[in-house]
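Notes follow the structure.
Residue numbers (our numbering): 108 to 464.
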């Protein structure tokens with residue numbers, strides 16, 4: 108899902124962290140293909156360019172300009188600036204081994220600030236540039252790695268892949284999603300807007316009531332507003348109708364013989380369309396709802412779970428997101444790196460050509 112990738116490439120025009128003005132909209136000279144067998148390990152999937160043998164640029168020039176681009180600050184689009192989101196600071200630290208760190212502080216983010224930390228390293232032995240970042244595009248703490256590898260044999264090609272690490276989050280976005288869900292359930296039950304605003308409270312990063320010590324987004328007591336059983340009934344109705352998120356424009360639902368149901372959800376956010384493959388299961392014994400998001404239509408590669416759990420006395424609701432380690436090389440990666448790769452190659456082609464040892 109592009110949702111879990113986009114911050115890997117802060118210059119992608121298809122993401123909230125949109126393209127830098129430096130990478131204008133000239134016609135594509137580089138074709139990138141998703142989910143290709145990696146030349147290094149055919150069992151793994153990568154984004155691969157078509158052969159670039161007719162483009163004469165050196166390895167040094169390619170990685171030089173990739174490094175220049177990676178030093179640029181995170182670009183914020185105009186719609187984010189209108190909401191008060193801004194780049195509060197941009198710091199670069201060069202390390203003795205040749206790698207460097209980038210720390211961008213994003214201000215005006217839900218009334219506060221968040222740091223986005225990148226580390227960039229280059230391995231000349233494998234011709235691989237590795238970028239790690241500690242947050243996803245929703246600013247959740249999900250470590251993400253994106254790699255660029257330059258091949259010379261049998262053809263000149265660029266290879267890119269992305270890996271999301273495992274992580275658990277209960278940040279402000281999770282709290283907002285839980286608040287909006289509860290608000291919708293209460294509204295459907297005839298609770299007035301005034302009552303909701305006066306009594307509904309959801310906080311991020313609270314200690315779970317399950318005594319695990321883990322953090323969750325957590326509601327206050329809901330006994331005066333709603334019953335637990337009505338909540339579960341209304342939640343399933345909303346999910347099946349594609350109304351659990353305001354961005355879903357189309358949904359297909361299929362009941363599973365083993366219990367639960369799966370959905371294929373098409374969503375549009377900031378004019379970017381994404382398709383999610385989800386399996387929903389309600390564990391009545393645990394009073395838990397788990398929506399599992401997969402990378403593929405066959406639902407074999409699990410990306411993350413959105414977990415909602417209730418406690419009945421007093422009645423409270425908790426949610427968190429659990430991200431699973433996964434490798435990405437799909438269309439979302441292509442969209443995120445296309446302009447980036449083209450820009451770097453365009454700059455590398457302007458360098459004086461010299462024979463490589």
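Glycine residues also receive a C-beta, built at the ideal position from the N, C-alpha and C atoms.
Looking at 313, 298 and 431, the one whose alpha-carbon comes closest to that of residue 306 is 298.
Scanning its chain for C-beta atoms nearer than 6 Å, with the 5 sequence neighbours on each side dropped, one finds around residue 395 the residues 416, in chain order.
Distance from the CA of residue 348 to the CA of residue 340, rounded to the nearest whole angstrom, comes to 13 Å. Taking the Cα positions, residue 215 is about 16 Å away from residue 283. If only uninterrupted alpha helix (DSSP H) runs of at least 4 residues are considered, those enclosed by the stretch 272–300 are 279–295. With 16 or more other Cβ atoms from the protein chains shown falling within 10 Å of its own Cβ, residue 211 counts as buried.
Here residue 383 is not near residue 291, since their CB atoms are 9 Å or more apart. In this structure residue 402 is buried. Its beta-carbon is surrounded by 16 or more other beta-carbon atoms within 10 angstroms.
If you draw a straight line from the Cα of residue 301 to the Cα of residue 330, it comes to about 17 Å. With the rule of 3 Cβ pairs closer than 8 Å, the stretch 419–431 counts as touching the stretch 314–327. Boundaries of the alpha helix (DSSP H) around residue 454: 438–456. Between residue 158 and residue 264, the C-beta spacing is below 9 Å. When the beta-carbon positions are compared, residue 293 and residue 342 stay at least 9 Å from each other. Residue 177 sits in a helix when the DSSP states are folded into three classes.
The beta carbons of residue 397 and residue 414 sit about 5 Å from each other, so the pair counts as a contact at 8 Å. Annotation: the continuous alpha helix (DSSP H) that includes residue 338 extends over 335–347. When the beta-carbon positions are compared, residue 170 and residue 229 come within less than 9 Å of each other. Secondary structure note for residue 189: its alpha helix (DSSP H) is the uninterrupted segment 185–189. Here residue 171 carries a helix assignment [DSSP, helix/strand/coil].
Around the beta carbon of residue 375, fewer than 16 other beta carbons sit within 10 angstroms, so the residue counts as exposed. Residue 142 and residue 408 have their C-alpha atoms some 13 Å from each other. Closest in alpha carbon position to residue 222, among 194, 429, 161 and 448, is 194. It is roughly 22 Å from the alpha-carbon of residue 173 to the alpha-carbon of residue 152. As the crow flies, the alpha-carbon of residue 154 is around 28 Å from that of residue 204.
Residue 428 is bridged by DSSP to 276 and 413. As the crow flies, the alpha-carbon of residue 190 is around 16 Å from that of residue 181. 379 is the residue among 338, 379, 364 and 312 whose C-alpha sits nearest the C-alpha of residue 354. Assignment of beta-bridge partners to residue 389 by DSSP yields 396.
From the listed residues 431, 156 and 168, the smallest Cα separation to residue 456 is found for 168.
In the DSSP assignment, residue 324 is bridged to 426.
Only residues of its own chain outside the window of five on either side were considered, and among them 321, 322, 427, 428, 429 and 430 have a CB closer than 8 Å to the CB of residue 275, listed in chain order.
Only exposed fits residue 419, as fewer than 16 other CB atoms lie within 10 angstroms of its CB.
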